[in-house]
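In our numbering, the protein residues as written are 669 to 875.
To start, the structure under review is shown below, and the notes come after it.
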Ligand code: ATP
């Protein structure tokens with residue numbers, strides 16, 4: 669089984685690439701969803717988050733309200749660090765378990781984990797290779813405004829708060845450039861799959 673960590677900045681096209689890889693036959697895990705599982709009500713991280721940020725982050729249903737939590741930590745590095753210190757180690761554990769399970773069940777040839785914060789959280793060692801998706805800032809601003817109704821100023825602020833594309837590219841094995849239309853992106857990913865995946869799936873962790 670080949671494990672691929674898929675990362676990139678906000679709106680770069682990670683989910684689009686993950687969808688294309690899924691269509692090509694990869695099993696895809698979203699690290700955000702694993703993250704949400706870690707602080708479900710009843711999990712130890714739920715208590716830690718409430719202890720750190722107060723009961724105001726608990727919604728009517730007893731679950732952590734991610735919108736409220738996000739508003740507290742965005743733009744406040746200390747709070748953000750407090751949160752990531754709680755959840756990142758647990759997400760890592762969750763990912764390790766999933767990778768082991770997929771490897772043991774033997775049916776999965778390619779496992780992709782989509783994780784925006786892969787490098788920041790230090791999860792790179794979990795994967796055989798890292799693919800980074802990059803898109804020019806102008807494209808990201810335009811796509812997120814058109815498709816998520818997100819103001820360019822807000823997108824820009826978020827991009828400034830993140831690692832740069834250059835930093836990510838330096839640490840990645842593969843760069844997927846998403847600077848054309850979706851058809852071009854699909855063609856790029858298909859080519860990478862043909863070039864890299866068959867050779868790499870044989871013998872690394874199999875058998
Ligand atoms: P985030 O981490 O912010 O969720 P992401 O990296 O997963 O973002 P996507 O959701 O895949 O990015 O892409 C962002 C938006 O841009 C989506 O609405 C997506 O459909 C659109 N998009 C991605 N690639 C292209 C493209 N090549 N042409 C047009 N729209 C695109």
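Positions of the beta carbon are idealized from the N, C-alpha and C atoms, including for glycine.
As the structure is a computational prediction, the values presented were derived from the model and not from experiment.
Inset, instruction - Compare the beta carbon distance of residue 670 and residue 778 with 8 Å and say whether it is the shorter of the two. - result: yes
Inset, instruction - Give me the Cβ distance between residue 609 and residue 684, rounded to the nearest whole Å; I'm assuming they're in contact under 8 Å. - result: Missing from the structure shown is residue 609; the chain here goes from 669 to 875 and no further.
Legend entry - Residue interval of the alpha helix (DSSP H) (run including residue 752): 745-773
Inset, instruction - Report the residue ranges of all beta strand (DSSP E) runs contained in full by the region 807-831; include only those spanning at least 3 residues, in chain order. - result: none
Inset, instruction - Could you pull the start and end residues of the beta strand (DSSP E) that residue 702 belongs to? - result: Segment 699-706 is the alpha helix (DSSP H) holding residue 702; no beta strand (DSSP E) there.
Inset, instruction - State yes or no: is the C-beta of residue 673 within less than 8 Å of the C-beta of residue 783? - result: yes
Legend entry - Bridge-paired residues (DSSP) for residue 676: Paired residue(s): 801.
Legend entry - Buried/exposed call for residue 789, threshold 16 Cβ in 10 Å: buried
Inset, instruction - For the beta strand (DSSP E) holding residue 845, just list the boundary residues, first then last. - result: Annotation: the continuous beta strand (DSSP E) that includes residue 845 extends over 842-845.
Inset, instruction - Under the assumption that residue 812 contacts residue 679 (Cβ atoms under 8 Å), give the Cβ distance between them as a whole number of angstroms. - result: 5 Å
Inset, instruction - Check whether the Cβ of residue 679 lies closer than 7 Å to any heavy atom of ligand 1, and answer yes or no. - result: yes
Inset, instruction - Report whether the distance from the Cβ of residue 694 to the nearest heavy atom of ligand 1 is below 7 Å. - result: no
Legend entry - Within 8 Å, strictly: CB atoms of residue 694 and residue 780: yes
Inset, instruction - On the DSSP bridge assignment, give the partners of residue 695 in chain order. - result: Under DSSP, the beta-bridge partners assigned to residue 695 are 779.
Inset, instruction - List the DSSP bridge partners of residue 732. - result: 726
Inset, instruction - Consider the C-beta atom of residue 743 and the heavy atoms of ligand 1; say whether any pair is separated by less than 7 Å. - result: no
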